[in-house]
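Participant:
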Amino acid sequence: MRRLLVVGNWKLNGTLSSTKELLTGVLGGMSEVTAADVGVCPPYPYLLPAAELLQGSAVALGAQDVCDQDVGAFTGEVSAPMLVDVGCSLVIVGHSERRSIYGESDEFTAKKFAAAQRSGLTPILCVGETLDEREQGVTETVVARQLDAVVALAGMDALATAVIAYEPVWAIGTGKTASPEQAQDVHAFIRQRLAASNEAVASKVQILYGGSVKPGNAAELFAKPDIDGGLIGGASLKAEDFLGICSAVK
Ligand code: PGA
-5 MRRLLVVGNW
5 KLNGTLSSTK
15 ELLTGVLGGM
25 SEVTAADVGV
35 CPPYPYLLPA
45 AELLQGSAVA
55 LGAQDVCDQD
65 VGAFTGEVSA
75 PMLVDVGCSL
85 VIVGHSERRS
95 IYGESDEFTA
105 KKFAAAQRSG
115 LTPILCVGET
125 LDEREQGVTE
135 TVVARQLDAV
145 VALAGMDALA
155 TAVIAYEPVW
165 AIGTGKTASP
175 EQAQDVHAFI
185 RQRLAASNEA
195 VASKVQILYG
205 GSVKPGNAAE
215 LFAKPDIDGG
225 LIGGASLKAE
235 DFLGICSAVK
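Residue numbers for the sequence shown follow this note's numbering, so the first one is -5 and each next one is one higher.
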């Protein structure tokens, strides 16, 4: 049985004091969360204070991005060893906002994925199609291409120690959630594609859904056989909503 995992992606939001407040709120409600593992991904400057607050708790700490290089002359970058050093165990790679706003390619995302694993971080690899791509009927082609780039660089076995997040771009921050059936279809496709090369990895890897998950729709999504939790943007910024999602399945 795969355990549920719910991860908050805070994106470019908050202040030092709101970070502490939000984490205190989340920690305060964790006793109600029994069926899911939980993680949060605050902005880089708040990782260290977050790590201090989360120490000894059941909430894992993650970053929203990582450099593909470990050390050197890469102005503005943050490396995987640095993330480990400040207490992270997770990192999001290939979020659609990185891909579309900052032009990060499938190959570059794969390098970040490999960098994360080199340092022992668990990468949360985001894949997903745009509205245009869905309407053209190429959702599976796009998701397969995004997955294949990572498998080509890191190998299939690397997915055994990674998490995948299916995030249809048209559902992110739009309030339009993919229906549980639409999401399940793509999740099943991802799992089947992995199973074609390695059954054990395919049955083990957690595939999260992301895109306008809220306390009101989480239970239905997480009940689908191939949906193993969620990557939560907007609703992770309010402790009550985030906790509602984390405890959506008992
Ligand atoms: P959303 O974002 O929950 O605000 O739609 C999800 C994500 O981008 O990870």
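Cβ atoms here follow ideal geometry from the backbone N, Cα and C, with glycine treated the same way.
Since the structure is predicted, the reported quantities are computational estimates derived from the model, not experimental observations.
Consult DSSP for threonine 168 and reduce its assignment to one of helix, strand or coil.
Facilitator: coil
Participant: So, using beta-carbon positions, are valine 247 and alanine 52 closer together than 8 angstroms?
Facilitator: Residue 247 is absent from the structure shown; the chain starts at -5 and stops at 244.
Participant: Cysteine 120 by DSSP, collapsed to three states: which one?
Facilitator: strand
Participant: Determine the direct distance from the alpha carbon of alanine 212 to that of aspartate 220, and round the result to whole angstroms.
Facilitator: Taking the straight line joining both Cα atoms gives about 14 angstroms.
Participant: Below 7 angstroms, is the gap between the Cβ of isoleucine 166 and the nearest heavy atom of the ligand PGA?
Facilitator: yes
Participant: Could you have a look at valine 87 and say whether DSSP puts it in helix, strand or coil?
Facilitator: Looking at valine 87 - three-state DSSP - the assignment turns out to be strand.
Participant: Run through the DSSP bridge pairs and tell me what asparagine 7 is partnered with.
Facilitator: Asparagine 7 pairs with nothing; no bridge assigned.
Participant: Please list the terminal residues of the continuous beta strand (DSSP E) segment that includes isoleucine 201.
Facilitator: 200 to 204
Participant: Are the beta-carbon atoms of glutamate 98 and glycine 88 separated by less than 8 angstroms?
Facilitator: yes
Participant: Please tell me whether, using a cut-off of 7 angstroms, the distance from the CB of alanine 229 to the nearest non-hydrogen atom of the ligand PGA is below it.
Facilitator: yes
Participant: Since isoleucine 221 is in the beta strand (DSSP E), which residue starts that stretch and which ends it?
Facilitator: No beta strand (DSSP E) contains isoleucine 221, which DSSP labels as neither H nor E.
Participant: Within 10 angstroms of its Cβ, does aspartate 235 collect 16 or more other Cβ (buried), or is it exposed?
Facilitator: buried
Participant: With distances taken Cα to Cα, identify the nearest neighbour of histidine 181 among Gly167, Ala196, Thr168 and Val34.
Facilitator: Of the listed residues, the one whose Cα sits closest to histidine 181 is Ala196.
Participant: Under the criterion of a Cβ to heavy atom distance below 7 angstroms, does histidine 181 qualify as lining the ligand PGA?
Facilitator: no
Participant: May I ask you to report which of helix, strand or coil DSSP gives cysteine 240?
Facilitator: helix
Participant: By Cβ distance, which residues of its chain are closer than 7 angstroms to lysine 244, with the 5 residues on each side in sequence left out?
Facilitator: Closer than 7 angstroms at the Cβ level, and outside the excluded window around lysine 244, lie Thr28 and Ala29.
Participant: For glutamate 26, count neighbouring Cβ atoms within 10 angstroms of its own Cβ and tell me buried if that reaches 16, exposed if not.
Facilitator: exposed
Participant: Taking DSSP's pairing of strands, which residues face leucine -1 in a bridge?
Facilitator: Asp31 and Gly223
Participant: Determine, using beta carbons only, whether proline 162 and glycine 227 come nearer to each other than 8 angstroms.
Facilitator: no
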